[in-house]
Each structure stands twice: as C-alpha cells, then as structure tokens.
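Worksheet: the structure to be examined is printed underneath.
Protein chains: 4
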Amino acid sequence: MIENKTQRSADYSAIAHTYRPGHADYTYDMKYGFRDFRGGGRSSGRETSMRVAGGAFAKLFLKEHGIRVDAGVIEVEGIKADFTTWNPPFPGPLCAPECNKKAEMEKAIEKAKADGDSVGGIIECRISGMIAGLGDPVFDKLDATLAHAVMSIGSVKGIEFGSGFESSRKRGSENNDEMRMENGKAVFLSHNAGGILGGISNGDDIVFRVAIKPTPSISKEQHTVTDKGEDTVLSVHGRHDPSILPRAVPVVEAMAALTVADHLLIERAYGKR
Amino acid sequence: MIENKTQRSADYSAIAHTYRPGHADYTYDMKYGFRDFRGGGRSSGRETSMRVAGGAFAKLFLKEHGIRVDAGVIEVEGIKADFTTWNPPFPGPLCAPECNKKAEMEKAIEKAKADGDSVGGIIECRISGMIAGLGDPVFDKLDATLAHAVMSIGSVKGIEFGSGFESSRKRGSENNDEMRMENGKAVFLSHNAGGILGGISNGDDIVFRVAIKPTPSISKEQHTVTDKGEDTVLSVHGRHDPSILPRAVPVVEAMAALTVADHLLIERAYGKR
Amino acid sequence: MIENKTQRSADYSAIAHTYRPGHADYTYDMKYGFRDFRGGGRSSGRETSMRVAGGAFAKLFLKEHGIRVDAGVIEVEGIKADFTTWNPPFPGPLCAPECNKKAEMEKAIEKAKADGDSVGGIIECRISGMIAGLGDPVFDKLDATLAHAVMSIGSVKGIEFGSGFESSRKRGSENNDEMRMENGKAVFLSHNAGGILGGISNGDDIVFRVAIKPTPSISKEQHTVTDKGEDTVLSVHGRHDPSILPRAVPVVEAMAALTVADHLLIERAYGKR
Amino acid sequence: MIENKTQRSADYSAIAHTYRPGHADYTYDMKYGFRDFRGGGRSSGRETSMRVAGGAFAKLFLKEHGIRVDAGVIEVEGIKADFTTWNPPFPGPLCAPECNKKAEMEKAIEKAKADGDSVGGIIECRISGMIAGLGDPVFDKLDATLAHAVMSIGSVKGIEFGSGFESSRKRGSENNDEMRMENGKAVFLSHNAGGILGGISNGDDIVFRVAIKPTPSISKEQHTVTDKGEDTVLSVHGRHDPSILPRAVPVVEAMAALTVADHLLIERAYGKR
C-alpha cells in the first residue's frame, strides 16, 4: 500500500465541473456518470506505480535467464537523439542515451514549461539477451501482447517494432533481414524485424518505439465545455508535468518485462527453459 | 470448414530446408523444432479467413448499434493517398480511397512484381457511429485491445491512433482537441485523439493506421541459411503476392470489429446499451 | 485492508516444524518448500473475509433482480435437522433452520470441544427468485461453476445439487420432475433437479448441499511427522474451532452469489435482463 | 470432424414441441428461445466426444510423469460394488471393477430397459502416481477445478472427494489422516482426504465419486407441458439408453486427466517438473 501523502486536492477545484481538453475527464464521465477530479483517479500516472513494482519482479526473473529490458527517451518535440551507443541505464533526469542533442531536448521541456505548455516525444525500448521461440503463433503473438501491454500506459498513442512504419516504405529486398552462419550460429545481417518474426522472437534484440503525446494539462487557455453543457475557457494550474517522458520510461520497461516473463513462463509450461 | 483445394505443395520444395529471410520459417523452427514449409501453416495469410468470418458477425452486431468499421490502403511504398473524402467501401483491387495517387500506388505494386520484389504500405481504419464510454480504464483500454488484435495480424509492424507518432512532435496546446457545445452536444474541434482518451472512446470516430511490411517471399536472390546450418542463397518462386495490402484490409476491419463488439458486450453486462 | 490485530503467533510455535494431520501444512510445504505456520496463511479461514466482502456486493446486485441466496447448517456430525420451513436468515450461533434437533446439534459441537476434538456437517444453500436461462451449455454450466466456487472454500469435501447422490439410486420415472401448467406458467411437480437442467437454471429454486469435514486442528494426540522426516505425536492447542460450520455459512452464500451474479452479467451482455 | 452418419431425426418428432421431464429441453428454450429437438444439440452425450479426444492427449502427457487416471462404475440404482481390488481398465460393457455384485448391477440396467425406465449410479475415479504440490491455494484449488470439469458433464448431480459426505459425519480424530515415516518418505495411515489437502495434492491417490442421475428420456408416460403452454403426457421412444453410466466413465477420466494436466503445466511454468 502506497499512501498518497502529498495530494493537494485544492489544486483541482477549477476542473471540478470542466473537462480538460485531451484528458480522460470527459470519457470517464461518459462511461461512469461521474469522475474523481482530484487527481484523475485511474487515469493518473499514479496508477503506474503498481506496474513498476510488478515489473521489478519480472526483471529479476528475466535476469536469471540473461534477459534485460531497457528504455530511454530518444526524441522530444521532434528533436531526435542521434546516439551511437546504447549504454543503459541512462543517467540524468531525461533518461536519454548520451548524444549531442541531449541539452537541446532538455531545453525543449523547460521551454514548454515556461510557456505553460507541454511536449511529447518518443521512447525506445530494447530487450537484449532474448531467447528465440517466445510468443504464440496466432492471437497472442509476442508483438501483439507487447503492444497491448505498452498501449495500456496512459498517453501512449502509437507503437512500432523494428523498422516499423519505415518498413512500409521499403521493398522486401531491403526490409528482409538476410541471414548468415557465424561461429555455428545463424545471425541476422540487418535488424528491421525488431527481433520478432511471425509473432515469435528470433533471438535478436527486440526493439520497439513508443509515441508519447504531450501532457494534456496545460496552463495555456483552451476552449472546452463544462459537465452542465456550457462553453468555457480553461487554464489548468497545479503540479502538472510539462512532459511525462522520463516518468514513462520505467513504466514502459515494466510492461515489456512483464509481457516477456509471461511468455517465458508459458514456454516453461511446455517443458522448455 | 474451408477446404484448401488449390494448394500446390510442390511450389514449396525449394524452401523445405532453407529459411526465407523476413519470414516466420526460422522462428517456427526455433519454437517447435519443425515447421510445415508447404504454405507457412499458421503464419500463412490463410489463417486469417476465420478472423474475417468472425468479423462479419461482429460487424452485423455493431450495425444494430449504428457502428461501422471501414479500412482502406492509404499508402503504398511511401506513396500517400491524398484523399479528401472517406467513402467506403472502396472499389477496385487496391481497396484505397479515391485520390489522384491511386494509379501511382497500383503501379508501384505492379513494378515490384515485375522486379521479383514486394512492397509494404499503410492501412487506415475508421470506426464511425461510435458510442462514448467503451474501453476499460486500466489494462484493457480500448486502444490497447485494438492494438493487440491488429498487431496479431501477420506483417503488421506498427499501429498509431489519431495523430499518433506525429502527436509526439506537437505541444499540448496543439495536440489537445478543444471542445465546444453544438446543438446541445459536446463536439471536438480537432481529432488528434483518434476517438480515444484515457483508453475510453469519446464518441468521435476512431481512427488508426497500421504499418504493413513488404511480403518476405520474393524471387530476388537473398542470403540465408539452411536448417542444417549452411550458408545459401534463396530465390522464392510460387504464388507469392507482391503486396498483401489489399488482402489485409478486411482482416484489419474484422479484428477491429471483434474488439469493439467485445467492449460493447462488456458494457451491456453492466446494464448499458 | 483488514488488519489482523489479535493474532497470537505464539499459539503456533508447537507446529513450526510438525505437520498437522488433515491440514494443508504438508501440501503447502510440498508445493512451496516453506509455509507460514503462524495461522495457516492462505489456507486459513481468514482468507474467506474477502470472499464474504465481495459476496455482499453480489447479493445487492442479485436483490435488484429479485434473487436471494441463503444457507444454513442442516446436519452436524450426522444429526440431521428435520426442518419443515426454510425461513432465513437463521438466528443463533449455529445458523441452522428451526427444528427439534437444533439443541442436539449444538450439543454435539460443545461435546466435541470438551473432548478436544472437532465435528463436520452439511450446509444447504438455496437460491430463490431464480430466472430460467442462466448458465453456459457446455463447460461453464451453472452447476459446474457453482461447484468450482463452493469447492474452493477450505474444508469442503463434496457438493450435490437437488436430490444429488440420492438421484443415483432412483429410476428416471421417479427422478424426473414432471411439469404442469399453473396460471399460464409451467411449474415442476417435484424438485429433484435442484433448479438446474443441462447446466442451465430452470427457474426453480436452486438447492445444493455441501459436505464440510471436521476441522483438522484438534488437541487430541495424533501421529504425524516433522519437516525433518521424524515420526512424532502432535496435540494442537490454541484458538481452534471445534467446527467451522456456522462460519462457513456466509462464505457458501458469498461464493454462490458471486457465481450467479457472473452468469447474470453474461446474460446481460447478450442483451437480456 | 466426426460426422454424425446414423442420426434418425424422425425419432425425435414426438418431442418437437413437448418438453421431456428432467431434460435440458425446457432450459434451452428458456435461454435461447429455440432448441434443436433432433438429438439435444449441445446437451447430448455426443458433445462429449471432443472431451474424450482431448483427454486422450492429456493421458499421454500424464503417463510421461507416471500418472494415470481410471474410472469405473461402482454403484447402479443403489447396488454397490463391494470390490476389493482396483484393477483397471475394467472389462465388459459395464466398466465396473470385479465384484460379486456385478451381475446384479447389469441386471438392474436390463430390468429398467424392459420397464421402459432408466437408472442412475455412481462412478469412482482414481488418479494414481500423483505428485504432491499440484493445485492453486485459493480459487483454483485442485478439487475445485476437478469439480468444475466433472460437473460440466451432463447428468452429473454431485461429486465428493475422499470420504466426502461421510467425512461430515466423523470427528476430526477419525477423519484426519495420520502420518508416519516409511523408508524415508512420509505416508498417510488412512485416505479420507482423497489425496487433496487445502486444495493441493498430497501425493496420495486422488479418489472422487460422481453421482449420475437416471437418463431423463424414458418410454414410461410422464406429465409435461408443450412449448405452447398446454398440459400433455409424453412417452419418449427412440434409441435412448437406460443408463449412461458406462458411457460416462471415459468422459469422467478425460475431464480429470485434462484438469490434472493443466495443473502440471502451471507447475512447470514455475520451473518444476
């Protein structure tokens, strides 16, 4: 039990009857007929604390099998980290791989805060030490279940594996990862698949990217409506982050770790691993 | 029972012991210790016939609630359909909305075929007549379950909702969909959310896009390995499509329809709808 | 969160390394390699508090549909309550229907306590105001899921519906419940089915009986073994009930109510109720 | 696919609009608004063919772990088989263990047939070579899931484990199975638990008994109603068994084998077995 000792419900009085644009306020009211405006309830980032707690155990279990899961912020408001090495865990408040764009990325977040606005970005997750053969062949494919788990994190608007949306612009001859024997082991000459073929891991690192939208609660004025059906203008104040990017990093890792651990346990049930 | 009356297993003899690059051949062997090379087994597009059959019933059920699901090909090998109206169902072999790029898109597929190669592209799906309030608030969010269902279709490498990956490059003030009252009803002034907020439908059309990779089976020569661990070069012949884009359209619709129907049935269990 | 404020772990020191005959002590050690001897952990009756809490909500929901669930102790150590009316809730510490054997039943429990021993008995549960049509036709039959739910309560060793084991000694002509029209409604002339035919409720009261074994923790000496593999003799002291019969009554009601509520929600999902 | 090549739908015309007492006819109509009177649909014994097919694979899997599942008819219309050895598989049409009551049991079935009536009885199932530690500790206890699986077979009206309903008439000092070390292994001095303590297998043989009601379709005249709400009298003709007892034996074995196999696979997922 994690007690929420520093809540300041007064921060939320302005939105008691007004829907924040881009927020779950409206849909919760549509679904349940009421909502707890003091913090967002289950649509709040607080909900993810249990995910991270569970993910910590999944990571320990995966570690025993030589598998590790790491994520980092690789893009902020369109500024892409042109990193050359992936050397997790990533230091600093941004949780981004070292690159010459890191300062620029951090500044984009500060600038948005100063403007009473927010920014989104992209998180990349890599699962290394993977075992080939994880994932169900039809509905519970490894990428399908990872997508389910990761898309269930608030603010995620998209996910792609390997070369992802870019693969749709390539020809088969470019996108297929050719293979060759190396030291008695089959290796892939490129990594467009992102470690998954036919929904099953191929032993390569799993790589996926997650689109995070900018936080909806901003202090800039926006047109919206009240729960009485009146037009109004809203400016949200309180402790709202200009970006949830760094906070989402451990949540993405946790959901990925839990999913891979599940598949590993299923594989074990059939007498493997 | 759908009998497979036109199989020509002889087409597959060349790949009996050789892994096709980019194909599930390799991962099936890693998982199961064997594979049925005569058609790909469950990794074949044939598997989707049951999905489409089930989806047809889901669509009938949704129709009773005024909901319809339509998909179309909106990009082929990077050529984007700049359509202005969405007027499904889309005629012709490409299943694409009318636009001045349609001929170019079709030509790209033909060109790939002539080159013994393949192309990928992007499918957009829109669910109209939506009801606000569908979707679970935590793990089984509406977008999470749609992502699970759609990513479980072969060749899908990514999915994004609303402005998707583009939303990650925007500020909150641009990306939030402002609201206003119109004829006693709250309406959204933009549609970046793609119809889902906090994992719950907001009543707007649901819009998502799916990245389809180019088909892996191509007749161009590629480096690969055999199941005996030897390097080899493979050129795949037989009835392989240069693109599965148009064939994937009804499958995307089916999986989306089944998912929304599930959420509608759950909502009903709680005494609504 | 229910705090366990009156635990007296010292009561359990004698059984730290010794298995109580008839208790889950041994199987927990076999499964997990350790056990929490201070109260039995999840094999303790304490675990059922959450079931009763959940069942209270299920009962409220069923009440809205005119359905109620009541259970009572109808047999103690072979002494059968020959009650004529079923008038729940049943008063007194035994939770048994009024009958001329009630004093004898209570005395049996007291006698067992005085002897340092324990007794079992039978609980009957009736679900009235039932709706015809609840239950799945194949695996999740109404009686199958009730059996699952009720058998998951500790100390339950058997369950029977309607005339149950007695029906196996009858002929079809005796056991079939004949029907007749009464005031435009089909009624049953006997109630051997216990309200369920083919796994689906027939609208009659559902009646089932549950065999409760005598509590295993007794102060009489018994032969057993230690977790070091030594023969020993055990006499269990501490706050152990001579019978869990009255305490099991609300748990049986809770599990039955939750199961029927589940089936009602499923029925609702298909647009009924 | 098993084709039903010998159906004689004409046999069923008499019951097209009349409910057979004791049969699922009535409840199927109440649930679905229609029923297939030509054979009972999913309430027919035909449905169990898939269970037996699946159970055959489960038995092969269990065999690899030294576990076997056998059932036999031990009581017909109250006539109890006083067998001394359990030597499966049991020969002859009755599938009963050898005993001096076998002829009498068989005669009871023939007599019922001659009378245009039917009989029920009791099937015992024993699972030998068991491993200690199978079963979940709370809701999916081993006995709870076996009860679910077995109660989902048509005509089953009760199930009891070990001394079952008789345990409710004993004192703890009689019912607890005392333990002793034998050749370095803990053994039980009696077998009242039926191989399960706290929902988890204790390594002893699992023993349970199943109450089978007499078949409802009999040619004796019975009062019933039509689906138009009229009183009528019904005498059912056609190929109806006077008892399903021997046919239910492999189905009980199949459901038990599938359940134990599931628990074994779960145990494996946690790195055991």
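Chains as they are written, first to last, in this note's numbering: chain A, 8 to 280; chain B, 8 to 280; chain C, 8 to 280; chain D, 8 to 280. Don't be surprised by glycine CBs; every beta carbon is placed ideally from N, CA and C.
Setting aside the 5 residues that flank it on each side, A/S159 has no residue in the same chain whose C-beta is closer than 6 Å to its C-beta.
In the DSSP annotation of this structure, the continuous segment of the beta strand (DSSP E) that includes B/L241 starts and ends at D238 to L241. Out of C/V83, C/E189, C/D211 and C/K114, the CA that lies nearest to the CA of D/G236 is found in C/E189. Nearest in C-alpha terms to C/S226, of all of C/L241, C/S174, C/D184 and C/L101, is C/L241.
Annotation for D/I81: A88, I129 and E131 place their beta carbon closer than 6 Å to its own, counting only its chain and skipping 5 residues before and after. At a beta-carbon threshold of 8 Å, the residues of chain C lying near B/L272 are A276 and Y277, ordered along the chain.
With fewer than 16 other Cβ atoms from the protein chains shown falling within 10 Å of its own Cβ, A/P98 counts as exposed.
Beta-bridge analysis with DSSP links D/I213 to D/I134. In the structure shown, C/A88 falls within a coil segment according to DSSP collapsed to helix, strand and coil. From the beta-carbon of C/A119, the residues of chain D found nearer than 7 Å are R178. In this model, A/P257 and A/R15 are separated by some 25 Å (Cα to Cα). Burial state of B/K164 is buried, judged by a 10 Å Cβ sphere holding 16 or more other Cβ atoms.
Residue range D32 to Y39 is occupied by the alpha helix (DSSP H) that includes C/D36. With contacts defined as CB atoms closer than 8 Å, B/G79 and B/P104 qualify as a contacting pair. Residue state for D/L272 is assigned as helix, using DSSP reduced to three classes. Neighbours of A/G73 in chain B, taken as residues whose beta carbon is under 7 Å from its own, are absent, since the nearest beta carbon is some 16 Å off.
A straight line joining the alpha-carbon of C/R176 with that of C/E54 spans about 37 Å. For B/D234, the CB contacts under 8 Å within the same chain, skipping 5 residues up- and downstream, are H24, T25, Y26 and D36 in chain order. Segment contact: the segment 188-207 of chain D against the segment 271-280 of chain C, fewer than three CB-CB distances shorter than 8 Å; contact not assigned. For D/G73, the secondary structure class from DSSP, reduced to helix, strand or coil, is coil. A Cβ-Cβ contact shorter than 8 Å links D/M262 with D/R58.
Neighbours of A/I129 in chain B, taken as residues at a C-beta separation under 8 Å, are given in chain order as F172 and S175. Sequence-distant partners of C/V259 (beyond 5 residues in either direction) whose C-beta falls short of 7 Å from its own C-beta, in its chain, are A78, I130, C132, V157, I160 and V217.
Residue pairing by DSSP places A/K192 opposite A/E189 in a beta bridge. Along the segment 69-93 of chain B, the positions whose C-beta sits under 8 Å from a C-beta of chain A are E82, E84 and G85, read in chain order.
For A/A151, a Cβ of chain B is located within less than 8 Å of the residue's own Cβ. With respect to A/I213, A/G202 sits close: the two C-beta atoms are nearer than 8 Å.
Proximity of the segment 107-120 of chain D to the segment 146-157 of chain D falls short of the contact definition, fewer than three beta-carbon pairs being nearer than 8 Å. Going by C-alpha positions, C/E111 is about 21 Å away from D/E181.
Judged by their CB atoms, C/T34 and D/G140 are nearer to each other than the 8 Å cut-off. Against A/N209, the close residues of chain B are Y33, T34 and M37, in the order they occur along the chain (beta-carbon pairs closer than 8 Å). Residue pairing from DSSP places D/E82 in a beta bridge opposite D/K87 and D/I129. Bridge partners of C/L265 according to DSSP: none are assigned. Residue environment for D/G40: exposed (fewer than 16 other C-beta atoms within 10 angstroms of its C-beta). Exclusion of the five residues before and after B/S174 leaves N182 and N199 as the residues of its chain whose Cβ lies within less than 8 Å of its Cβ. Looking only at B/E10, B/G171, B/I9 and B/G29, the smallest Cα-Cα distance to B/V243 is reached by B/G29.
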